[in-house]
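157 is the number of the first residue of the sequence shown in the numbering used here; add one for each residue after it.
The structure appears below as structure tokens.
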Amino acid sequence: MKRFLYILLVLPFILYSCEMAPRAYFMAAPGDPVVGEEVLFTNESENAVSFEWDFGDGYVSNEVHPSHIYNSSGSFEVSLTAWTRNGLSDKAYLTIDVKIPTLLEVEVLEYYEQYPVSNASVILYRTLADWDKETNRVIEGYTDKDGFVVFSGLDNIVYYADVWETSHDNYTLRNEDVGFIRTPEIMPNKINRFVAYVDKADHGKGIARRENSYVIRKLVRKADLGIQPETSDLPENWKEMLEKSVRVKR
């Protein structure tokens with residue numbers, strides 16, 4: 157009887173000591189996100205039943221496979237603690253480098269008088285052939301009162317800008333020099349800028365976008381005579397620019 161009681165008392169400790177130790181492990185995708193991009197965490201821990209995540213920016217989670225969005229750039233050490241039912245634990249770490257977003261700011265200006273054109277439609281195409289045929293548009297945005305529109309989520313390539321407003325367009329400029337509609341190659345994680353020049357034009361009434369566009373004033377022009385702003389690191393108001401940007405849908 158005493159031996160039986162002894163076994164009953166010792167058995168839990170034996171089972172506890174025989175419990176397999178947990179192994180914490182996880183992955184993140186994407187591993188190099190930009191500010192505002194959702195990061196998905198995949199938990200591949202073993203022999204664990206509960207978890208605690210610390211995303212390194214003051215936020216935590218107890219979900220098995222959480223997602224998280226970082227609101228500032230920098231390096232963040234993410235930790236995952238995995239527990240067994242009996243309280244054994246293991247911890248895993250991963251550093252997430254959150255980058256500043258890639259933005260393209262397009263400014264629409266009338267070529268001769270250099271005034272900004274508001275409420276202008278700006279459509280981006282990947283190729284000149286797509287621009288000419290008006291097919292496979294990537295994205296469309298409209299300029300604000302100061303003649304600016306910001307795009308985000310673009311690939312690191314050259315784009316071709318189709319600009320149209322009720323009394324302005326860049327169609328004659330395209331025929332004179334394709335450089336007027338071609339952006340520089342997009343540099344990642346920077347503010348890319350492009351001045352899209354337009355002509356004052358008479359579009360008539362009730363006609364399609366590119367039909368019967370008559371330029372009121374015309375001289376032979378070259379794109380290299382126009383001054384293009386340089387690509388730069390993000391200014392202090394980059395978050396405001398990101399919030400108002402038109403983002404490419406994936």
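Ideal Cβ positions, reconstructed from N, Cα and C, are used throughout, including at glycine.
Since the model is a prediction, treat every value here as computed from it, not as a measurement.
Give the single residue among the options whose Cα lies nearest to the Cα of residue i.
{"i": "N255", "options": "S245, V354, Y353 and I347", "result": "First, the residue type needs correcting, since residue 255 is Lys and not Asn in the sequence shown. Closest by alpha carbon: I347."}
{"i": "N345", "options": "V191, V273, T339 and E233", "result": "V191"}
{"i": "A223", "options": "W239, N203 and G187", "result": "The sequence given here has Ser at residue 223, not Ala. Minimum Cα distance to S223 is reached at G187."}
{"i": "W209", "options": "Y315, F197 and L236", "result": "L236"}
{"i": "F197", "options": "V294, V205, G297 and F182", "result": "F182"}
{"i": "R403", "options": "H221, V294, S229 and A180", "result": "V294"}
{"i": "L398", "options": "F307, A285, A204 and V216", "result": "F307"}
{"i": "G230", "options": "T339, F211, T291 and D246", "result": "F211"}
{"i": "L284", "options": "T339, S201 and V305", "result": "T339"}
{"i": "P385", "options": "A352, E290, E332 and V216", "result": "A352"}
{"i": "I337", "options": "E193, K405 and D288", "result": "D288"}
Quick one: grab the DSSP three-state call for residue i.
{"i": "L196", "result": "strand"}
{"i": "T237", "result": "strand"}
{"i": "V407", "result": "Residue 407 falls outside the range modelled here, since the chain spans only 157 to 406, and no answer is possible."}
{"i": "E341", "result": "coil"}
{"i": "G335", "result": "helix"}
{"i": "F160", "result": "Note on F160: pLDDT 46, under 50, position unreliable in the model; the coordinate value appears next. F160: helix per DSSP, three-state reduction."}
{"i": "Y315", "result": "coil"}
{"i": "Y226", "result": "coil"}
{"i": "K400", "result": "helix"}
{"i": "Y181", "result": "coil"}
{"i": "K247", "result": "strand"}
{"i": "K346", "result": "coil"}
{"i": "K301", "result": "coil"}
Classify residue i as buried or exposed, calling it buried when 16 or more other Cβ atoms lie within 10 Å of its own Cβ.
{"i": "I279", "result": "buried"}
{"i": "H221", "result": "exposed"}
{"i": "G297", "result": "buried"}
{"i": "V334", "result": "exposed"}
{"i": "S401", "result": "buried"}
{"i": "T299", "result": "buried"}
{"i": "I163", "result": "A caution first: I163 carries a pLDDT of 48, below 50, which makes its placement in the model too unreliable to give a value."}
Could you tell me if the beta carbon of residue i falls within a distance shorter than 8 Å of some heavy atom in the ligand FMN?
{"i": "I225", "result": "In the structure on display, the ligand FMN does not appear, and there are no ligands present to speak of."}
Ordered along the chain, which non-local residues of its own chain (more than five positions away) have a Cβ less than 7 Å from that of residue i?
{"i": "G303", "result": "E263, V264, L265, P272, V273 and S274"}
{"i": "D213", "result": "Y226 and F232"}
{"i": "N203", "result": "M176, A177, P178, R179 and T240"}
Can you list, in chain order, the residues of its chain whose CB lies under 8 Å from that of residue i, leaving out five sequence neighbours each side?
{"i": "V354", "result": "V264, L265, E266, Y267, V273, A276, V319, E321, H324, D325, N326 and L329"}
{"i": "I342", "result": "T258, L260, L310, D311, N312, I313, V314, Y315 and N348"}
{"i": "P189", "result": "V195, Y226, I252, V254 and K255"}
{"i": "E219", "result": "F207 and W209"}
{"i": "A184", "result": "V195, L196, F197, T198, V234, L250 and I252"}
{"i": "S201", "result": "P178, R179, A180, Y181, F182, F207, L236, A238, D246 and A248"}
{"i": "V216", "result": "E208, W209 and D210"}
{"i": "V205", "result": "W239, T240 and R241"}
Counting only the same chain and skipping the five closest in sequence on each side, list residues whose C-beta sits under 6 Å from that of residue i.
{"i": "K114", "result": "Only positions 157 to 406 of the chain appear in the structure, and residue 114 is not among them; the question remains open."}
{"i": "K301", "result": "S274"}
{"i": "N292", "result": "D286"}
Quick check for students: name the residue ranges of the beta strand (DSSP E) that lie wholly in the segment 251–299, counting only runs of 3 or more. 259–266, 277–281 and 295–298
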